[in-house]
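**Student:** Here the sequence shown is numbered in the numbering used here, starting from 174 and rising by one per residue.
Just so you know, even glycine gets a beta-carbon here, dropped at the ideal spot from N, CA and C.
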Amino acid sequence: MAGRVAGGATVAFRPSGSSMVPLIRSRQQVVVAPVDPTKLQVGDIVLARVAGTFYLHLVSSVDLARKRVQISNNRGRVNGWTSHERVVGICIAVDGVPRSGVEGKTLTADSKDSC
174 MAGRVAGGAT
184 VAFRPSGSSM
194 VPLIRSRQQV
204 VVAPVDPTKL
214 QVGDIVLARV
224 AGTFYLHLVS
234 SVDLARKRVQ
244 ISNNRGRVNG
254 WTSHERVVGI
264 CIAVDGVPRS
274 GVEGKTLTAD
284 SKDSC
């Protein structure tokens with residue numbers, strides 16, 4: 174999934190696990206779109222690589238000066254900091270319900286090419 178999103182595709186899939194409950198429950202369908210990481214805010218749900226593993230987790234802190242974000246689950250566990258280059262997508266919907274606050278943060282294939 175991460176490769177497809179990094180390539181500019183918006184994808185729907187059903188992640189498993191309980192670390193994001195109640196925001197995302199195991200096997201709920203999520204839709205993830207390419208993202209402009211410079212526009213991320215605390216509380217956004219992103220698909221990001223941290224220490225070699227991809228997570229669909231929360232942005233818990235933003236460091237614009239260093240071009241990085243901190244990724245955490247919804248139970249208080251911090252996965253760590255990751256660079257903007259390793260944030261490939263933002264969750265735009267869960268089980269068909271659009272997530273608020275994602276407007277203007279997604280990239281289209283055209284806008285991604287111009288970055």
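Once DSSP output is grouped into helix, strand and coil, what is the label at residue 287?
**Tutor:** The residue you call residue 287 lines up with position 114 of the sequence shown. At residue 287 the pLDDT is 31, less than 50, meaning the model places this residue with poor confidence; the figure from the coordinates comes in the next sentence. Residue 287: coil per DSSP, three-state reduction.
**Student:** Would DSSP call residue 281 helix, strand or coil?
**Tutor:** In the sequence shown, the residue the question calls residue 281 occupies position 108. Note: residue 281 maps to coil in three-state DSSP.
**Student:** Give the secondary structure of residue 266 by DSSP, where H, G and I count as helix, E and B as strand, and everything else as coil.
**Tutor:** Residue 266 sits at position 93 when you count from the first residue of the sequence shown. Three-state DSSP puts residue 266 in a strand.
**Student:** Would you kindly work out how many angstroms separate the C-alpha atoms of residue 287 and residue 281, rounded to a whole number?
**Tutor:** Along the sequence shown, read from residue 1 onward, the residue named residue 287 stands at position 114. Along the sequence shown, read from residue 1 onward, the residue named residue 281 stands at position 108. For residue 287, the predicted structure reports a pLDDT of 31, less than 50, and the residue's modelled location is therefore unreliable. A value from the coordinates is still provided. Answer to the nearest angstrom: the Cα atoms are 10 Å apart.
**Student:** If we count the other Cβ atoms within 10 Å of its Cβ and call it buried at 16 or more, is residue 193 buried or exposed?
**Tutor:** As a position in the sequence shown, residue 193 is number 20, starting the count at 1. Per the 10 Å Cβ criterion, buried.
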